[in-house]
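Peer 1: Each residue of the sequence shown is one higher than the last, beginning at 17 in the numbering used here.
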Amino acid sequence: MKVPFLDLKKINTRYEGVFQEVFQEFLDSGYYILGNQVSCFETKFASYCETDYCIGVGNGLDALRLILEGYKVLGKLKEGDEVLVASNTYIATILAIQQAGLKPRLVEGEATTFSFNIHALATTISEKTKAIMPVHLYGQIAPMDQLLKLAEQHNLLVIEDAAQGHGAMTTEGKKAGNIGHAAGFSFYPTKNLGALGDGGAVTTSDKELAAVIRKLRNYGASSKYVNDELGMNSRLDEVQAAFLNVKLEDLDADNEKRRMIAARYFSEIENDKIKLPFYDGSKNHIFHLFVVSVVDREHFVNYLTEEGIGSLIHYPIAPHHQKALSEYRHLKFPITEKIHREVVSIPISPVMESSEVDAVIQTLNKY
17 MKVPFLDLKK INTRYEGVFQ EVFQEFLDSG YYILGNQVSC FETKFASYCE
67 TDYCIGVGNG LDALRLILEG YKVLGKLKEG DEVLVASNTY IATILAIQQA
117 GLKPRLVEGE ATTFSFNIHA LATTISEKTK AIMPVHLYGQ IAPMDQLLKL
167 AEQHNLLVIE DAAQGHGAMT TEGKKAGNIG HAAGFSFYPT KNLGALGDGG
217 AVTTSDKELA AVIRKLRNYG ASSKYVNDEL GMNSRLDEVQ AAFLNVKLED
267 LDADNEKRRM IAARYFSEIE NDKIKLPFYD GSKNHIFHLF VVSVVDREHF
317 VNYLTEEGIG SLIHYPIAPH HQKALSEYRH LKFPITEKIH REVVSIPISP
367 VMESSEVDAV IQTLNKY
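(1) According to DSSP, Lys-291 sits in a beta bridge with which residue or residues?
(2) Among the candidates Val-242, Leu-212, Lys-231, Gly-247, whose CA atom is the shortest distance from the CA of Lys-263?
(3) Nearest by alpha-carbon distance to Lys-119: which of Tyr-319, Met-149, Thr-29 is it?
(4) What is the rounded straight-line gap between the Cα of Ile-141 and the Cα of Leu-100?
(5) Quick one: residues in its chain with C-beta nearer than 7 Å to the C-beta of Tyr-331, no 5 flanking neighbours on either side, listed in chain order?
(6) What's the call for Asn-318, buried or exposed, on a 16-neighbour Cβ count within 10 Å?
(7) Is Lys-348 helix, strand or coil when you go by DSSP?
(8) Please identify the residue among Ala-227, Glu-265, Ser-131, Lys-240 whose C-alpha is closest to the C-alpha of Gly-183.
(9) In terms of residues, what are the limits of the alpha helix (DSSP H) holding Leu-122?
(10) Cβ of Ala-116 versus every heavy atom of the ligand SAH: is any distance shorter than 7 Å?
(11) Using C-beta distances below 7 Å, list every residue in its chain close to Ile-195, excluding the 5 sequence neighbours before and after it, in chain order.
(12) Any contact between the stretch 73 to 80 and the stretch 269 to 278? By contact I mean 3 or more CB pairs, one from each, below 8 Å.
(13) For the alpha helix (DSSP H) that Thr-109 lies in, which residues bound it at each end?
(14) Using a Cβ-Cβ cut-off of 7 Å (strictly less than) and excluding sequence neighbours within five positions of Val-359, which residues of its own chain qualify?
(15) Taking 8 Å as the cut-off, decide whether the C-beta atoms of Phe-10 and Ile-351 are in contact.
(16) For the beta strand (DSSP E) that contains Leu-100, what are its first and last residues?
(17) Cutting at 7 Å between CB atoms, please list the residues of its own chain near Ala-102, excluding the five before and the five after it.
(18) Taking the beta carbon of Gly-155 as the centre, do at least 16 other beta carbons fall within 10 Å, making it buried, or is it exposed?
(19) For Gln-256, which residues of its own chain have a beta-carbon under 6 Å away from its beta-carbon, when the five flanking residues on both sides are left out?
(20) With DSSP run on the structure shown, which of helix, strand or coil describes Tyr-383?
(21) Would you call the stretch 45 to 63 and the stretch 82 to 93 in contact, with 3 or more CB pairs under 8 Å?
(22) Drop a sphere of 10 angstroms on the beta-carbon of Thr-129, count the other beta-carbons inside from all chains shown, and report buried for 16 or more, exposed for fewer.
(23) Is the distance from the Cβ of Leu-232 to the Cβ of Gly-117 below 8 Å?
(24) For the alpha helix (DSSP H) holding Tyr-281, just list the boundary residues, first then last.
(25) For the beta strand (DSSP E) containing Lys-146, list its first residue and its last residue.
This is how it looks when you write it as structure tokens:
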């Protein structure tokens, strides 16, 4: 049996009829940029994340950058300030910091949860450190309790990279996007809340920051042709907002389906050659990805391909080994490097059939 890694067409076909309806409404409205659909989504997503504000932007990278640019306008950050970020994140997190004129300071990851190593984080904080950017990698909340305590002790901003964390919750019931001072989301099509193109958002309960970001996303304009800041063009598309308004209604149910599949993987995959991810059984993980680790990854991936089971590697090259970040190549992060050598993502999605889950489990157990 062939099982695709992710069947995006099947995920979105569920909404075909209503997508056509909302597109017709958009077409008939004659208002195609920052219209009612974006406003509606901003209201709904702020309510969903339990924040006061949501600002729709072009993509997840821009969301993070705009938060940093906003804090610069407000005088809480300045050029050259250091932002601590996990060394095993996706490169976009680091690019956002660099593009905002700040300095990314990479911190060793942790092999169990794929998040910050808190000890390494604590020992990396310096007088130049002004912010921490935790990543809810693969859909699991970063160790926010410990991180927030550190941030409070050192008077640091906490900016969540929630690009993979839509709907994940802390044990206290706070949702991703409402744990730090601000958060950046991506609605790339593969995300748990995915558009049919690029899209992103910032969530925050900081009124001043929200007002500045609204300007910065639209050329720095406070009103038409009145530009208060040196902004950029990064606006959530009206059509994508319409689609997201539809899909947001099913986000929690879809996340629960992912957890149900993950529960089967944890209880039924039994193979000493395959290390399963850490999970405490709570809602702190939405399983954007189900990431296993194997020593001989190439052999394992080839085996899955031969058996018809889709897989992807998130991510094959550690950021400090990327050509684009050559200034970090001299650094050594042994845990991060091991993670990037061994991780493999196996199929998980809200539209997987039980028989497909069976096939994945049987194939992994035979390996």
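Where is the CB? At the ideal position from N, CA and C, for every residue including glycine.
Peer 2: Answer, in terms of the structure:
(1) Ser-309
(2) Leu-212
(3) Met-149
(4) 8 Å
(5) Tyr-106, His-356
(6) exposed
(7) coil
(8) Glu-265
(9) No alpha helix (DSSP H) holds Leu-122; the beta strand (DSSP E) holding it covers 119 to 123.
(10) Questions concerning the ligand SAH fall outside what the structure shown contains, since it holds no ligand whatsoever.
(11) Met-160, Glu-176, Thr-186
(12) no
(13) 107 to 115
(14) Val-307, Ser-309, Ile-329, His-330
(15) Since the first and last residues shown for the chain are 17 and 383, residue 10 lies out of range.
(16) 98 to 102
(17) Val-123, Gly-125, Ser-131, Phe-132, Val-151
(18) buried
(19) Ala-211, Gly-213, Gly-215
(20) coil
(21) no
(22) buried
(23) no
(24) 267 to 284
(25) 145 to 149
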